[in-house]
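To start, the structure under review is shown below, and the notes come after it.
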Amino acid sequence: MKIFCVIPAYNEAKNIVAIIDRGKPLVDSLVIVDDHSSDDTFVLAKNTGTPTLHHIINRGQGAALQTGNDYALLHGADIIVHFDADGQFLAEEIKDVVKPILDNQADIVFGSRFLGKKSNLPRFKKNIIMPLAKLINRIFFGINLTDPQNGFRAMSAKVAREIRIENDQMAHCNEILIKAFKNKYRIQEVPITVIYHEFGQKFSGGFRIIKDLIYKKITR
């Protein structure tokens, strides 16, 4: 089976080459989607010989993932992995995320920070943001997973064709979850490691995601 890894990137010049070097041996193809970076992300990625796409305006991570999905499906992907460009995820864990699909035990797999592997999750996120997001997912959407919001995932080509990411920004994580449960796909979680850097310590993104979740519910 052909495994493609889609990596959205925005101003990740300091990380992108290392991410490509770590991920390339583990999949059949990497696909970098540069979301109109103002630094050298696009040039550096392209110079590695990796398929690199470019948005002519900054659209957001959700839009970049959908661009990558479209490319991967067009080029014969059987499994698509979503992976971040900021160094928070470990490339060697890609094999763990795709295994349930390869074993025909799942259609879509979500990484979880709460299944035994150590992640340096900021206390405010761990004790406030994540429990609140889990509660909203469970009450409003009937979703009961250990990690309410994780960008490290894998999906079959069938799922990627049927789930079109409509939220261009960060709430795409919850959109994918909601659609996966609504479509009754076989869903699994696997433990992953997340290494938080400076961006991961900011709380505004978490509150924005919760606001987007509530808005999505009341406007359905």
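To convert, note that position 149 of the sequence shown is 165 in our numbering; the numbers rise steadily by one, no gaps. No residue lacks a Cβ here, since even glycine has one placed at the ideal position from N, Cα and C.
Asked                                                                                                          : Found
Beta-ladder partner(s) of residue 46, from DSSP                                                                : 21
DSSP bridge partner residues for residue 170 (one or two, in chain order)                                      : 97 and 125
Distance, residue 57 Cα to residue 238 Cα                                                                      : Any property of residue 238 remains undetermined from this structure, which presents the chain solely from 17 to 236.
Residue 203: first and last residue of the uninterrupted beta strand (DSSP E) it sits in                       : 203-207
Buried versus exposed call for residue 172 [16 or more other C-beta atoms within 10 Å across all chains shown] : buried
DSSP bridge partner residues for residue 70 (one or two, in chain order)                                       : 50
Run of the alpha helix (DSSP H) containing residue 150, from where it starts to where it stops                 : 146-157
For residue 170 and residue 126, the rounded distance between their alpha carbons                              : 7 angstroms
Sub-9 angstroms separation of residue 158 and residue 189 beta-carbons                                         : no
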